[in-house]
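Trainee: Add 4 to a position in the sequence shown, counting from 1, and you land on the number used in my numbering.
We treat Cβ as the ideally placed atom computed from N, Cα and C, and that holds for glycine.
No experiment lies behind these values; they were computed from the predicted model shown.
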Amino acid sequence: MRKILPKFIDDELKDHAREAKQPKAGEAFTLQTSTQSSVLLDNNNMSRVGTMVLGPAGAGKSTFCNSIISHMQTIGRRAHIVNLDPAAEATKYEFTIDIRDLISVDDVMEEMDLGPNGALIYCFEYLLKNLDWLDEEIGDFNDEYLIFDCPGQIELYTHIPVLPNIVRHLTQQLNFNLCATYLLEAPFVIDSSKFFSGALSAMSAMILLELPHINVLSKLDLIKGDINKRKLKRFLNPDAMLMMETDGMNQESNPKFLRLNQCIANLVDDFGMVQFLPLESNNPDSIATILSYIDDITQWAEGQEQKEPDDQIDVEE
């Protein structure tokens, strides 16, 4: 893979990255993307297939990617991980395609004197100006499954549309059938206000990325003994009444936020778009179930029967 590093200061990108530290309310932000692609898929060929793995930092995205790859190798399917996080730390598995071979947050912070968030945004703007690099890297993988491991910063698709632009390029220029897989860690269900905040973020991703979407409640092993199966199922299909019943919300000490939290819960409930699949990364059946939903969305195998989540969720009764 070739290494491309910005050896000069691109004033336009740098100014955008600096301004993104403190975005102004209502201010439009427009990005220029590469207008031509050096490696395009022939329209007569089969569509490529992949999934964008999203979610906040700490949700278990990298662990999920590794589990999916391991499961696919076990069942004889060829798949590769594409790292789209220029700030990714070392992992125990290899990335087939790595944005850090193009540009990294550490390099940008050092050369451009930017903070972590500004450097991250700079990296994605730089990628959007050099999409031919991504096209060339993907060009050899026409019949193999690609898993895109994305960074957890929500502003990359809510405040600044860099991820939506990348998704648009993949689907329109490279003919990808993509599914978005949004992970939210299970400990959020202990505090309903945090859970509904996470659910709102998931709904934002669903709307802004404009992709078929599944939501996954990860790290179920961390809440064993803290929640019973019946209540957990109510979080898998979010119920606004959970906000009123939560033990973590002290109505007397938080009257200022009670109505706001309830409005957020009602918004998620009214849209009816957000549902979660339970995930235990060390459980092959759980991984297989999630993969079957992704395959159904991306039409990997149209004749394959979709699996249903295991009703025997391993938590306290």
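When you compare only the Cα positions, how much space is there between Arg263 and Tyr186?
Mentor: 27 Å
Trainee: Please name the residue, chosen from Thr55, Ile79, Met113, that lies closest to Asn87 on a Cα-to-Cα basis.
Mentor: Thr55
Trainee: Leu160 and Ala190: beta carbons closer than 8 Å?
Mentor: no
Trainee: Using the three-state DSSP reduction, which class does Phe145 fall into: helix, strand or coil?
Mentor: coil
Trainee: What are the partner residues of Leu188, as DSSP defines its beta bridges?
Mentor: Under DSSP, the beta-bridge partners assigned to Leu188 are Leu221.
Trainee: Is the separation between the beta-carbon of Leu138 and that of Ala91 shorter than 8 Å?
Mentor: No.
Trainee: Is Asn286 buried or exposed, if buried means 16 or more other CB atoms sit within 10 Å of its CB?
Mentor: Per the 10 Å Cβ criterion, exposed.
Trainee: Answer yes if the segment 62-73 comes into contact with the segment 149-160, meaning at least three C-beta pairs across the two stretches below 8 Å, and no otherwise.
Mentor: yes
Trainee: Taking the DSSP output, what are the residues bridged to Leu281?
Mentor: Val220
Trainee: Classify Ile152 as helix, strand or coil using the three-state DSSP reduction.
Mentor: The identity of residue 152 in the sequence shown is Phe, whereas the question assumes Ile. Reduced to three states, the DSSP call for Phe152 is strand.
Trainee: Among the candidates Gln177, Lys228, Gly276, whose CA atom is the shortest distance from the CA of Ile142?
Mentor: Gln177
Trainee: Rounded C-beta distance between Leu106 and Val112? I'm assuming under 8 Å.
Mentor: Not really, about 11 Å apart at Cβ, beyond 8 Å.
Trainee: Below 8 Å CB to CB, which residues in the same chain sit around Lys272 once its five sequence neighbours on both sides are set aside?
Mentor: As written in the sequence, residue 272 is Val, which differs from the Lys given in the question. So the list reads Phe200, Ala203, Leu204, Met207, Pro242, Ala244, Val278, once near-sequence residues are dropped.
Trainee: Below 8 Å between beta carbons: does that hold for Leu213 and Pro168?
Mentor: yes
Trainee: Using only the alpha-carbon positions, how far apart do Asp89 and Phe99 sit?
Mentor: 11 Å
Trainee: Taking C-alpha atoms, which residue in Gly80, Lys228, Ala83, Pro282 lies nearest to Phe239?
Mentor: Pro282
Trainee: Taking the alpha carbon of Leu182 as the point to measure from, which residue in Pro216, Ser196, Gln157 has its own alpha carbon closest?
Mentor: Pro216
Trainee: Could you give the residue range of the beta strand (DSSP E) that holds Val193?
Mentor: Note, Val193: premise wrong, no beta strand (DSSP E); not H, not E.
Trainee: Considering Cα atoms alone, identify which of Ile211, Gly80, Asp136, Phe275 is closest to Glu148.
Mentor: Gly80
Trainee: Would you kindly report the start and end of the unbroken beta strand (DSSP E) that includes Ile85?
Mentor: 83-87
Trainee: When you compare only the Cα positions, how much space is there between Leu174 and Val166?
Mentor: 13 Å
Trainee: Please report the distance separating the alpha-carbon of Arg52 from that of Arg172.
Mentor: 14 Å
Trainee: Please report how far the alpha carbon of Asn232 lies from the alpha carbon of Asn121, in whole angstroms.
Mentor: 38 Å
Trainee: Distance check for Val109 and Ile103, CA to CA, integer angstroms please.
Mentor: 10 Å
Trainee: Could you check which residue in Asp300, Gln303, Thr302, Pro288 has the C-alpha nearest to that of Ile73?
Mentor: Pro288
Trainee: Kindly list the residues whose CB is nearer than 7 Å to the CB of Ile298, restricted to its own chain and excluding five residues on each side of it in sequence; keep chain order.
Mentor: Only Thr55, Cys183, Thr185, Ile218 meet the Cβ criterion.
Trainee: Classify Gln303 as helix, strand or coil using the three-state DSSP reduction.
Mentor: coil
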